[in-house]
Amino acid sequence: MSSRVTRREVLHTAGLAAASALLGGRAVPAAFADPPPAAQPDAPRRPVLRIAHLTDTHVQPERKAAEGLAACLRHVQNQPDKPDLVLTGGDLVMDSFEATFDRTKLQWELFTRIFKDECGLPVEHCLGNHDIWGWNKSKSGATGDEPQYGKKWALEVLGLEAPYRSFDRAGWHFIVLDSVSPKDDGYIGQLDEAQMEWLRADLARLPAGTPALVVSHIPILAACVLSDPKGAAEKEGEWRVSGSLMLTNGRKIRTLFAERGNVKLCLSGHIHLVDRVDYAGVSYVCDGAVSARWWRGPYYECREGYGRIDLYADGAWEHRYVPYEWEAEKEA
Ligand SMILES: [Zn+2]
9 MSSRVTRREV LHTAGLAAAS ALLGGRAVPA AFADPPPAAQ PDAPRRPVLR IAHLTDTHVQ
69 PERKAAEGLA ACLRHVQNQP DKPDLVLTGG DLVMDSFEAT FDRTKLQWEL FTRIFKDECG
129 LPVEHCLGNH DIWGWNKSKS GATGDEPQYG KKWALEVLGL EAPYRSFDRA GWHFIVLDSV
189 SPKDDGYIGQ LDEAQMEWLR ADLARLPAGT PALVVSHIPI LAACVLSDPK GAAEKEGEWR
249 VSGSLMLTNG RKIRTLFAER GNVKLCLSGH IHLVDRVDYA GVSYVCDGAV SARWWRGPYY
309 ECREGYGRID LYADGAWEHR YVPYEWEAEK EA
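Position one of the sequence shown corresponds to residue 9 (the working numbering), numbered consecutively onward.
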């Protein structure tokens, strides 16, 4: 991921430089030079933070979804080198976008209970399209005047002040985006202007050497959208990708990231497939789905799982998609 210089090499070089300085910059006679370091294996490099990224949990009373999420959280925490932090990736509940008040209430109660009972790690949540209540007014029966309408319900349940924010941990800067914007009775993937301004300002405040990780529900850039037969397809000799699958102002965002240079890794969900795109110095990982095919077994190549990410002090990172033990309920 990055060229590695061992501590011993650094010390050795520093030692030579010091000796050289003492001798007024003259070449160091062989007898005064440090002996060459004995061959020793490098000490294993330790991450400064280990993360579990759980996206698309789609909790609902049916299809043993609650048991599935509990099994996933247990898997995360039973690792010998368990993560320090859980990041969620949105679509926390099965759906509230088109659901009635009562159905939405039931799903949030279930979600909250599982996290309370099963998760002993700190959690930072991200919102997905299915976590927005009632934007489809005809199906949900919402009027738009309810205090819980739209993103407010999820924010209240999750204890968040705003749908996007940033925070710092272990020398890394974390940016959680709100990637869902309204369009008619539905949505598109987009950061609105106010959020773009906020993102610009947030990155501008960041010291040059501070690495940043971005979480969004809808991918900023992903190749798997072309592989998902549900939303994108090769039609009449052209590739057409729905604006609901990938951020429609992704190019602007990627240009901003390239200008600032801090962002190393962007995590997303939404597609329920796993891929990684390296583009213009930033890596974009679409991280599968805890629920795989909405708790109906694997979704194409993607099994029920979560992302495990190790972050290093120098901005390097490692990602792995980790399937957990789970058997979906048999289809009737
Ligand atoms: Zn989803």
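Glycine included, every Cβ here is placed at the ideal spot set by N, Cα and C.
In or out: alanine 73 buried (at least 16 other Cβ within 10 Å) or exposed? Answer is buried; the Cβ neighbour count reaches 16.
Could you check if histidine 392 belongs to the surroundings of ligand 1, using beta carbon to heavy atom distance under 7 Å? Coverage of the chain is limited to positions 9 through 340, which leaves residue 392 absent and any answer about it impossible.
Report yes if the CB atom of tyrosine 172 is closer than 8 Å to the CB atom of valine 184, and no otherwise. Taking 8 Å as the cut-off, the Cβ atoms of tyrosine 172 and valine 184 count as close.
Count the other CB atoms, across all protein chains shown, that sit within 10 Å of the CB of arginine 262; report buried if there are 16 or more and exposed otherwise. So arginine 262 counts as buried.
Which one of Gly98, Glu132, Leu319, Trp303 has the shortest CA to CA distance from glutamate 312? Comparing Cα-Cα distances from glutamate 312 to each of Gly98, Glu132, Leu319, Trp303, the minimum goes to Trp303.
Using the Cα positions of threonine 218 and tyrosine 320, report the straight-line distance between them to the nearest angstrom. Threonine 218 and tyrosine 320: Cα-Cα distance of roughly 11 Å.
Alpha-carbon spacing of leucine 166 relative to tyrosine 314, whole angstroms: For leucine 166 and tyrosine 314, the distance between alpha carbons rounds to 20 Å.
With burial defined as no fewer than 16 other Cβ atoms inside 10 Å of the residue's Cβ, what is the status of threonine 63: buried or exposed? Buried: at least 16 other Cβ atoms inside 10 Å.
Express the C-alpha separation of methionine 204 and aspartate 99 in angstroms, rounding to a whole number. Distance between the alpha carbons of aspartate 99 and methionine 204: 22 Å.
How about serine 104 and tryptophan 141: do their beta carbons lie closer than 8 Å? Yes. Within cutoff.
Endpoints, the beta strand (DSSP E) within which cysteine 294 is located: Residues 290-295.
Using three-state DSSP, classify aspartate 286 as helix, strand or coil. Secondary structure of aspartate 286 (DSSP, three-state): strand.
Which residues end up in the neighbourhood of ligand 1 when you take C-beta atoms closer than 5 Å to any of its heavy atoms? Shown in chain order are the residues whose CB sits closer than 5 Å to a heavy atom of ligand 1: Asp64, Asp99.
My output table needs one value for alanine 341: the three-state DSSP class, helix, strand or coil. Outside the displayed range of the chain (9 to 340) lies residue 341, so it cannot be described from this structure.
First and last residue of the uninterrupted beta strand (DSSP E) at threonine 96: 93-96 is the span of the beta strand (DSSP E), which, as asked, contains threonine 96.
May I ask you to report which of helix, strand or coil DSSP gives glutamate 126? DSSP places glutamate 126 in helix when its eight states are reduced to three.
Rounded distance between the beta-carbons of leucine 229 and methionine 254, thought under 8 Å: Sure, about 7 Å apart at Cβ, within 8 Å.
CB contact flag (valine 94, phenylalanine 119, <8 Å): Not in contact: valine 94 and phenylalanine 119 (Cβ atoms no closer than 8 Å).
Using the Cβ count rule (16 or more neighbours within 10 Å means buried), how would you classify proline 88? Around the beta carbon of proline 88, a 10 Å sphere encloses fewer than 16 other beta carbons of the protein chains shown; the residue is thus reported as exposed.
Which residues share a DSSP beta bridge with leucine 253? Residue pairing from DSSP leaves leucine 253 without any beta-bridge partner.
My output table needs one value for glutamate 132: the three-state DSSP class, helix, strand or coil. Strand.
Over what stretch of residues does the alpha helix (DSSP H) that includes serine 146 continue unbroken? Taken as a continuous stretch (DSSP letters only), the alpha helix (DSSP H) holding serine 146 covers 145-148.
Alpha carbon to alpha carbon, how far is threonine 151 from histidine 66? When rounded, the distance between both Cα atoms is 24 Å.
So, at 7 Å on beta carbons, what are the nonlocal neighbours of leucine 114 in its own chain, with the 5 sequence-adjacent residues on each side left out? Non-local C-beta neighbours of leucine 114 in its own chain, meaning closer than 7 Å and more than five positions away in sequence, comprise Pro69, ordered along the chain.
Leucine 220 in three-state terms, based on DSSP: One point to set straight first is that residue 220 is alanine, not leucine, in the sequence displayed. Three-state DSSP puts alanine 220 in a strand.
For serine 187 and aspartate 210, what's the separation of their Cα atoms in angstroms? Cα to Cα, the separation comes out at about 16 Å.
Residues that cysteine 274 bridges to, as DSSP identifies them: Beta-bridge pairing by DSSP links cysteine 274 to Val222, Tyr292.
On the premise that leucine 221 lies in contact with leucine 264, defined as a C-beta separation below 8 Å, what is that separation, rounded to the nearest angstrom? The C-beta distance from leucine 264 to leucine 221 rounds to 15 Å, too long to meet the 8 Å contact threshold.
What residues match up with isoleucine 343 in a beta bridge as DSSP calls it? Outside the displayed span of the chain (9 to 340) sits residue 343, for which this structure offers no information.
Using CA coordinates, which residue listed in Val330, His138, Arg53, Glu201 is at the minimum distance from lysine 260? From the listed residues Val330, His138, Arg53, Glu201, the smallest Cα separation to lysine 260 is found for Glu201.
Quick one: give me the first and last residue of the alpha helix (DSSP H) that tryptophan 161 is part of. Segment 160-166, the alpha helix (DSSP H) holding tryptophan 161.
Nearest-angstrom Cα distance between aspartate 153 and glycine 97? Spanning the alpha carbons of aspartate 153 and glycine 97 requires a straight line of approximately 28 Å.
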